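Step one of this worksheet: look at the structure below.
Numbering (UniProt numbering), first residue to last: 1 to 659.
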């Protein structure tokens with residue numbers, strides 16, 4: 001660890017360096033600082049910085065505390081690493097610790113004044129690992145009156161008040177001297193050469209050095225993950241390799257991130273920021289700010305507190321603050337996020353994601369397959385015809401505007417969704433939703449909850465997962481189908497039912513000609529009235545045709561098929577199946593010698609198609625052998641009609657007048 005406070009140019013070491021210009025160099029305004037290798041902290045024109053090389057001193061008690069208030073020439077209201085452009089008197093101390101339990105500092109604070117203390121870089125050490133630090137505030141008698149420990153031995157950086165560094169704000173009840181105790185957390189001790197930055201601000205603290213020099217600095221980070229602070233003046237900050245953080249400060253600055261995933265914050269003034277290769281983040285706060293990215297230089301993000309249009313080769317834009325500002329994309333696939341104000345977001349070309357955030361927003365996707373996220377009943381989404389397949393995510397009740405295809409409700413609220421004249425796909429959330437498809441061939445999935453689904457005109461598809469889900473269709477509104485993973489009875493005017501999943505569930509038809517398909521488990525399928533088609537699928541299924549001329553197919557497994565009334569077709573499929581035709585002229589398909597066909601007296605003229613040797617059961621009249629195998633067929637005591645196949649057959653009529 002090197003702490004460099006003198007010289008111009010300043011050249012860092014191959015280690016992790018702290019470098020400060022400005023008030024520490026009273027005769028030099030324009031500084032050139034080169035970090036070289038290592039993870040460096042470089043700050044130009046830094047007022048209020050002192051270096052406390054504490055190895056030769058002992059301040060391990062309140063009696064030997066370092067008196068920060070006596071260093072009046074080090075207190076400033078200019079920029080600081082923690083309080084940029086703050087106008088709050090502040091001081092930054094770089095402390096290289098002794099081996100021990102605590103470091104104490106004394107500060108004079110007036111009654112009602114607020115002191116803010118922040119520890120940065122507590123993890124930096126030239127020997128071994130860093131130290132997890134904590135802060136205590138003590139009164140003049142040495143009593144602890146406030147504490148904070150958000151530290152981590154691996155996280156934290158310059159000004160990182162939210163990155164697990166210790167951070168504490170304290171308002172003094174009386175005018176007095178207060179003590180800041182920086183100590184290792186968890187009853188540990190400082191390791192040799194532990195170094196940290198102590199940032200202290202006190203409202204209304206006396207400041208003498210108001211005329212600190214402000215120069216046009218050149219800061220070169222070199223290799224490593226560097227933190228560069230230009231502060232005042234028109235500065236040039238060059239990050240080089242590594243994941244760098246560049247802060248321009250005041251003035252019209254030039255920030256070059258170069259290689260790595262860099263963060264570029266121009267600060268006040270019209271700044272030019274170029275991230276280079278890597279996934280870079282830009283902070284834009286001036287209409288004169290310019291962001292420069294070349295082709296194929298990573299996925300980049302602009303944070304802006306004013307209306308902004310993305311330049312070429314920048315992918316993402318996030319509006320910050322609460323002002324009513326707007327954001328516009330480019331020809332790429334952009335992600336554009338609004339702030340808490342009322343925003344207008346325009347995607348432009350590409351497959352864009354537009355999220356208005358809080359406020360009443362207007363989202364315009366443009367050409368491409370765009371995604372919209374809305375959270376306010378007043379949000380407006382706009383698409384023109386033939387501009388792609390677009391979808392809306394909403395946590396409020398929403399009706400799709402013209403030219404939108406998809407609606408997805410999210411969250412847990414009981415909200416509703418309505419489609420348009422297109423073929424819509426609609427998905428409910430975890431609440432109880434009412435989804436209305438409107439015109440078109442719609443696919444409607446209620447999701448979790450007890451949902452009401454209304455397809456409207458067109459051939460609609462419903463997906464159900466709750467036995468209390470309700471499907472409403474009117475007569476003449478198309479041929480509709482329901483997919484369900486729970487037991488379900490078809491409502492009126494819905495034609496087809498498909499069971500899915502692996503649960504043993506049932507499916508029941510209505511008075512229409514239904515098609516009902518089972519799933520991979522054991523199902524009970526009932527066609528009810530109408531000329532139905534039932535397919536059990538896998539599993540040992542029970543199929544009941546009901547009224548009408550039904551077609552029953554067992555599929556895999558050992559199935560039971562009952563035709564009931566009507567001229568039914570019964571095919572057990574693979575497995576050992578039991579088939580009962582009932583009234584009417586029934587047709588059976590036998591493919592296993594153990595299949596069972598059952599007919600009662602006077603239930604119609606029935607026939608069996610067999611691909612195996614077969615003997616007609618009682619009350620079945622006709623037998624037709626199928627395929628080319630050498631099979632045998634045997635009649636019963638009725639007048640049978642026996643027909644062989646393409647193989648060598650032995651046909652035995654039995655009693656009756658057979659043919």
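Cβ atoms here follow ideal geometry from the backbone N, Cα and C, with glycine treated the same way.
A quick note: this is a predicted structure, and the numbers were derived from the prediction, not measured.
DSSP beta-bridge partners for residue i?
| i | result |
| --- | --- |
| residue 136 | 147 and 181 |
| residue 118 | 167 and 199 |
| residue 303 | 283 and 318 |
| residue 589 | 571 and 609 |
| residue 272 | 254 and 290 |
| residue 264 | 246 and 282 |
| residue 76 | 90 |
| residue 391 | 371 and 406 |
Could you check if residue i is buried or exposed, using at least 16 other CB atoms within 10 Å of its CB as the buried criterion?
| i | result |
| --- | --- |
| residue 76 | buried |
| residue 63 | exposed |
| residue 646 | exposed |
| residue 711 | Limits of the chain in this structure are 1 at one end and 659 at the other, which puts residue 711 out of reach. |
| residue 593 | exposed |
| residue 92 | buried |
| residue 377 | exposed |
| residue 475 | exposed |
| residue 87 | exposed |
| residue 648 | exposed |
| residue 295 | exposed |
| residue 288 | exposed |
| residue 484 | buried |
| residue 461 | buried |
| residue 569 | buried |
| residue 618 | exposed |
| residue 402 | exposed |
| residue 175 | exposed |
| residue 528 | buried |
| residue 443 | buried |
| residue 412 | exposed |
| residue 628 | exposed |
| residue 40 | Low confidence applies here, because residue 40 scores a pLDDT of 47, under 50, leaving its location unreliable; read the following figure in that light. Under this definition residue 40 is a buried residue. |
Is the beta carbon of residue i less than 9 angstroms from the beta carbon of residue j?
| i | j | result |
| --- | --- | --- |
| residue 286 | residue 306 | yes |
| residue 586 | residue 567 | yes |
| residue 251 | residue 232 | yes |
| residue 634 | residue 656 | no |
| residue 505 | residue 488 | yes |
| residue 166 | residue 118 | yes |
| residue 69 | residue 102 | no |
| residue 479 | residue 492 | no |
| residue 253 | residue 230 | yes |
| residue 577 | residue 601 | no |
| residue 424 | residue 400 | yes |
| residue 682 | residue 582 | Residue 682 lies beyond the stretch modelled for the chain, which goes from 1 to 659, so this question has no answer here. |
| residue 638 | residue 613 | no |
| residue 95 | residue 170 | no |
| residue 416 | residue 395 | no |
| residue 136 | residue 147 | yes |
| residue 353 | residue 373 | yes |
| residue 255 | residue 268 | no |
| residue 409 | residue 438 | no |
| residue 179 | residue 270 | no |
| residue 554 | residue 584 | no |
Is there at least one non-hydrogen atom of the ligand MG closer than 8 angstroms to the beta-carbon of residue i?
| i | result |
| --- | --- |
| residue 337 | For the structure depicted, the ligand MG is absent and the ligand set is empty, with no information on it obtainable. |
What distance in whole Å lies between the Cβ atoms of residue j and residue i, which are believed to be in contact at a cut-off of 8 angstroms?
| i | j | result |
| --- | --- | --- |
| residue 172 | residue 110 | 7 angstroms |
| residue 497 | residue 490 | 5 angstroms |
| residue 532 | residue 514 | 5 angstroms |
| residue 445 | residue 432 | That belief does not hold up - the Cβ atoms of residue 445 and residue 432 are roughly 14 angstroms apart, past 8 angstroms. |
| residue 357 | residue 337 | 6 angstroms |
| residue 486 | residue 467 | 5 angstroms |
| residue 580 | residue 561 | 7 angstroms |
| residue 565 | residue 547 | 5 angstroms |
| residue 181 | residue 104 | 6 angstroms |
| residue 293 | residue 311 | 7 angstroms |
| residue 362 | residue 392 | 13 angstroms between Cβ atoms; not a contact. |
| residue 518 | residue 550 | That pair is no contact at about 15 angstroms. |
*Taking 8 angstroms as the threshold, find out whether the stretch 216-225 comes into contact with the stretch 196-207 through three or more Cβ pairs.*
Flag = no, the stretch 216-225 and the stretch 196-207 do not touch.
*Is the stretch 384-396 close to the stretch 356-375, with three or more CB pairs under 8 angstroms?*
Yes: at least three Cβ pairs fall under 8 angstroms.
*With contact counted as at least three CB pairs below 8 angstroms, one residue from each stretch, are the stretch 311-331 and the stretch 339-346 in contact?*
Touching, per the Cβ criterion.
*asked:* So, does the stretch 137-147 touch the stretch 226-242, judging by three or more C-beta pairs under 8 angstroms?
replied: Judged by Cβ distances under 8 angstroms, the stretch 137-147 makes no contact with the stretch 226-242, as fewer than three pairs qualify.
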